[in-house]
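Numbering (full-length UniProt numbering), first residue to last: 1 to 380.
Ideal placement from N, C-alpha and C gives every residue a C-beta, glycine not left out.
This one's a predicted model, so the numbers in the text were calculated from it and none came from an experiment.
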C-alpha cells in the first residue's frame with residue numbers, strides 16, 4: 001500500500017522496554033526513513049501512556065526537566081526528574097517510588113512508601129505549576145497514596161498520637177488523620193491521573209491482590225494489605241465525605257490512584273489520550289501522510305489502551321494511515337489491521353533466526369524505517 005505523496009511523516013513510538021527508550025526508537029526509525037526518502041520531512045515525537053517513560057516523552061516534546069532529590073520507596077534518597085512547561089508539571093510516580101529504585105532490588109511490599117511521589121508533587125507546586133499530570137505505574141508500594149499525602153502535610157496518627165511509619169501495612173494502626181495544610185496547598189490546583197488501570201482499591205481485583213505479588217507480597221501479605229487499605233479508606237471517607245475505594249482506577253499503582261482521587265481531588269483519564277494531548281500530537285499529525293508508532297511487544301494488551309493503539313486512534317481521526325514497529329509482534333495480520341495499522345514490522349523477524357534483536361534494536365529499528373518508507377512512501 002502506498003500512501004499520499006504529500007505531507008510529512010510523524011514517528012511516535014513508545015519505549016521498547018529493555019532495549020530502546022521512546023526517544024531512541026523514534027530517532028532510529030526516523031533515520032531509516034530519511035535514508036531512503038531523503039526529501040521527506042520526518043518529525044520524531046516519542047510518546048508514553050502514563051507509565052515509565054512519561055517524563056522523558058514530555059521532555060522530548062519541549063518540557064523542561066527538573067531534577068529533584070526525593071525519598072525513594074524505602075526512604076533512601078533518590079534522584080528523580082519531573083517535567084515542567086507553562087504551569088503544567090508531568091510527574092511520573094515510578095521516578096520516586098518505582099520498583100527499580102529498591103536498594104539491592106529487595107522488595108518491601110509492606111513498608112514501601114509513595115512519600116517521594118508526594119515530594120515531586122510538592123516541588124511542582126513550589127515551581128508554580130497549577131496543573132499536575134500524575135503518571136502511575138511501576139511503583140514498589142501498596143500504601144493507598146498515604147505516603148504521598150504525608151509528603152503534602154497530612155499527618156497519620158496511631159492511638160497514642162504518634163506518626164505512623166511508612167508503608168501500607170502500618171495503616172492498620174491508623175487512629176486519626178490530621179489534614180494539616182493539605183487543602184490550602186492544593187487550592188486552585190488541577191490534578192489529572194494518567195492511567196489505564198480500572199481496578200478498585202480492594203478485593204479480588206484490588207491493588208494488593210492484583211499487583212501486590214509483583215511487589216513481593218505473599219498471600220498473607222496480600223490479606224494484611226487489603227485489610228489495612230480498607231481501614232485507610234474508612235478514615236479517608238470520614239475525612240472527605242466521599243468514598244472512592246470502588247472508583248475504577250483507585251487500585252492503580254498500589255492505590256496511588258485512590259489517594260490522588262480522594263485526597264488531591266484528581267480526575268482520571270486514559271493515559272495515552274492524555275499524553276498525546278499534552279505532547280501536541282494533534283498538531284504534529286495535521287497534514288501528515290503517515291504515522292509510525294510502536295513498542296516492545298505488539299500484543300493483545302496493546303489493543304486495550306496502550307500507546308500504539310492510542311496513536312492509531314488519534315491518527316485515524318485525521319485520516320492519516322498508521323504503521324507499527326514492534327520488538328515482538330504477537331498479533332495476527334487480521335488483528336493488527338483491525339486495530340487500524342496498514343503495516344506492522346517486528347525487530348525479531350528482521351533480525352532473522354537466531355538473531356539478537358535486543359542488542360541490535362537500534363540498527364533493526366532503522367531497517368524497519370527503511371522498509372516502511374520503501375513500502376508506503378514509494379521511496380527508493
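Heavy atom of the ligand PLP within 7 Å of residue i beta-carbon
i          : result
residue 72 : Among the components of this structure there are no ligands whatsoever, and the ligand PLP is therefore not found.
Paired residues, beta bridge with residue i - DSSP
i           : result
residue 40  : Residue 40 is not bridged to any residue.
residue 388 : Nothing can be reported for residue 388, as the shown portion of the chain is limited to 1 through 380.
residue 346 : 326
residue 131 : 88 and 190
residue 457 : This structure cannot settle anything about residue 457, because the visible part of the chain is limited to 1 through 380.
residue 141 : Residue 141 is not bridged to any residue.
residue 370 : Answer is none; residue 370 lacks a bridge partner.
residue 298 : 329
residue 20  : 16
residue 206 : Looking at the DSSP assignment, residue 206 forms no beta bridge with any residue, so it has no partner.
Residue i - DSSP class collapsed to helix/strand/coil
i           : result
residue 2   : Caution applies to residue 2, whose pLDDT of 48 falls short of 50 and renders its modelled position unreliable; the model cannot decide the point.
residue 124 : helix
residue 156 : strand
residue 332 : coil
residue 27  : helix
residue 147 : helix
residue 178 : strand
residue 163 : strand
residue 377 : coil
residue 358 : coil
residue 98  : strand
residue 183 : helix
Residue environment, residue i, which counts as buried when at least 16 other CB atoms sit within 10 Å
i           : result
residue 64  : exposed
residue 359 : exposed
residue 241 : exposed
residue 301 : exposed
residue 14  : buried
residue 332 : exposed
residue 69  : exposed
residue 105 : exposed
residue 304 : exposed
residue 163 : exposed
residue 147 : buried
residue 74  : buried
residue 245 : buried
residue 196 : buried
residue 373 : buried
residue 316 : exposed
residue 138 : buried
Residue i versus the options, residue with shortest Cα-Cα distance
i           : options               : result
residue 143 : 208, 90 and 27        : 208
residue 324 : 318, 204, 251 and 294 : 294
residue 136 : 150, 343, 211 and 43  : 211
residue 370 : 20, 12, 25 and 33     : 33
residue 319 : 244, 289 and 375      : 289
residue 8   : 21, 23 and 38         : 38
residue 349 : 340, 91 and 365       : 365
residue 214 : 272, 186, 203 and 108 : 108
residue 181 : 169, 145, 292 and 122 : 122
residue 84  : 176, 59, 94 and 93    : 59
residue 112 : 157, 265 and 253      : 253
residue 28  : 155, 154 and 292      : 292
residue 378 : 199, 36 and 132       : 36
residue 216 : 309, 239, 166 and 110 : 110
residue 87  : 184, 129, 224 and 273 : 129
residue 183 : 264, 24 and 361       : 264
residue 82  : 102, 50 and 223       : 50
residue 17  : 158, 53 and 251       : 53
residue 155 : 94, 232, 199 and 221  : 232
residue 285 : 322, 257 and 306      : 322
residue 234 : 314, 43, 76 and 201   : 201
residue 269 : 134, 126 and 203      : 134
residue 151 : 116, 12 and 336       : 116
residue 190 : 131, 43 and 314       : 131
residue 173 : 229, 223 and 345      : 229
residue 243 : 169, 337, 94 and 262  : 262
Min CB distance residue i to chain D below 8 Å
i           : result
residue 226 : Here chain D cannot be found, since the structure has a single protein chain.
(message) Please give the ranges of any beta strand (DSSP E) in the segment 31–95, keeping only runs that are unbroken, at least 3 residues long and fully inside the region.
(response) 42–44, 64–71, 77–85 and 88–92
Runs of beta strand (DSSP E) lying entirely within the segment 218–278, each at least 3 residues, in chain order: Counting whole runs of 3 or more residues, the segment 218–278 contains the beta strand (DSSP E) stretches 267–269.
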